[in-house]
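Read through the structure below, which is laid out as structure tokens, and then see the notes.
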Amino acid sequence: MTLAVAAIVLSVGVPSFRGVIMDNRLVSQSNQFVTSVKMARSAAVRYQRPATVCSSANFDAAVPTCSADNDWSDGWFVWVDKDRDALTDANEVIAVFGPIHDASTLSSGTASSFTYDGRGFATTPPGSLTLCDSRTSEMGRLIKVNNVGRTNVKREGCS
């Protein structure tokens with residue numbers, strides 16, 4: 058009798074626990090991206106220089122470079138253009154974020170970077186990113202960066 062009850066509890070509990078883990082992973086990953094955007098805004102104001110968060114295929118290089126790719130899954134980084142030459146130097150990199158979990162994707166239809174001026178206002182157009190995992194038709198996250206540069210995260214279905 059005890060084994061039957063344990064088997065029923067495990068057969069119901071384990072799949073739902075897997076869903077909880079995957080949901081928490083999405084929340085953590087979206088929070089990581091939002092943190093990087095806030096970090097860029099803050100750095101722009103602090104240094105009174107343009108600051109950018111951008112996707113990067115070589116985030117782990119000594120001096121990473123921004124890519125024009127709208128796929129943020131490979132990583133991204135935050136940097137401040139202290140010398141205003143529009144080139145990333147080693148002393149200008151504020152933070153580096155590696156690839157997200159293999160089962161997840163983070164992509165944008167249009168945005169490969171978000172830049173802020175010395176007052177913390179966005180100088181790039183607003184954009185949104187979609188964070189999804191391997192589950193089909195499940196709820197992912199839509200991360201919007203508005204025209205002022207603020208972020209908003211909401212649940213949204215993935216296709």
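Numbering (this note's numbering), first residue to last: 58 to 216.
Backbone N, C-alpha and C fix where the C-beta goes; we use that ideal spot for every residue, glycine too.
Just so it is clear, the structure is predicted and the values come from calculations on it, not from any experiment.
Just the Cα atoms here: how many angstroms apart are R103 and A152? Translated into positions along the sequence shown, residue 103 becomes position 46. Translated into positions along the sequence shown, residue 152 becomes position 95. Distance between the alpha carbons of R103 and A152 is about 15 angstroms.
I need the DSSP call for A143, collapsed to helix, strand or coil. Residue numbering aside, residue 143 sits at position 86 when the sequence shown is read from its first letter. Reduced to three states, the DSSP call for A143 is coil.
If you count every other CB in all the chains shown that lies within 10 Å of the CB of R50, and 16 or more means buried, which is it? Past the edges of the chain, shown from 58 to 216, lies residue 50, and the structure says nothing about it.
Can you pull the DSSP bridge partners for V137? If you number the sequence shown from 1, residue 137 lands on position 80. According to DSSP, which records beta bridges pairwise, V137 is partnered with A108.
Name the one or two DSSP bridge partners that A152 has. By one-based count along the sequence shown, residue 152 stands at place 95. The partner list for A152 (beta bridge, DSSP) reads V135.
Among A114, T180, A64 and R82, which one has its Cα closest to the Cα of F171? As a working note, residue 171 is residue 114 in the sequence shown. Nearest of A114, T180, A64 and R82 to F171, Cα basis: T180.
Contact set for V110: own chain, Cβ-Cβ below 7 angstroms, skip 5 residues either direction: The residue labelled residue 110 in the question sits at position 53 within the sequence shown. Contacts found: S93, V94, A97, W133, V135, S170 and F171.
Cβ neighbour criterion (16 or more within 10 Å) applied to I78: Here residue 78 corresponds to residue number 21 of the sequence shown, with the count starting at 1. Label assigned to I78: exposed.
Residues of its chain near T167, where Cβ-Cβ distance is below 7 angstroms and the 5 sequence neighbours each way are ignored: Walking along the sequence shown from the start, residue 167 turns up at place 110. So the list reads N127 and G184, once near-sequence residues are dropped.
Have a look at the DSSP bridge pairing and note the partners of C189. Against the sequence shown, residue 189 aligns to sequence position 132. Looking at the DSSP assignment, C189 forms a beta bridge with T162.
Report back the beta-carbon spacing between Q86 and L199 to the nearest angstrom; my notes put them in contact at under 8 angstroms. If you number the sequence shown from 1, residue 86 lands on position 29. If you number the sequence shown from 1, residue 199 lands on position 142. Q86 to L199, Cβ: 13 angstroms. No contact.
State yes or no: is the C-beta of T208 within less than 8 angstroms of the C-beta of V91? On the sequence shown, position 151 is the one that residue 208 refers to. On the sequence shown, position 34 is the one that residue 91 refers to. A contact, by the Cβ cut-off of 8 angstroms.
Between which two residues does the beta strand (DSSP E) harbouring S170 extend? In the sequence shown, residue 170 corresponds to position 113, counting from 1. Residues S170 to Y173.
Tell whether a beta-carbon distance below 8 angstroms holds between R106 and G175. By one-based count along the sequence shown, residue 106 stands at place 49. By one-based count along the sequence shown, residue 175 stands at place 118. Yes.
Distance between C123 and E218 (C-alpha atoms, nearest Å): The requested residue 218 does not occur in the structure, where the chain is confined to residues 58 to 216.
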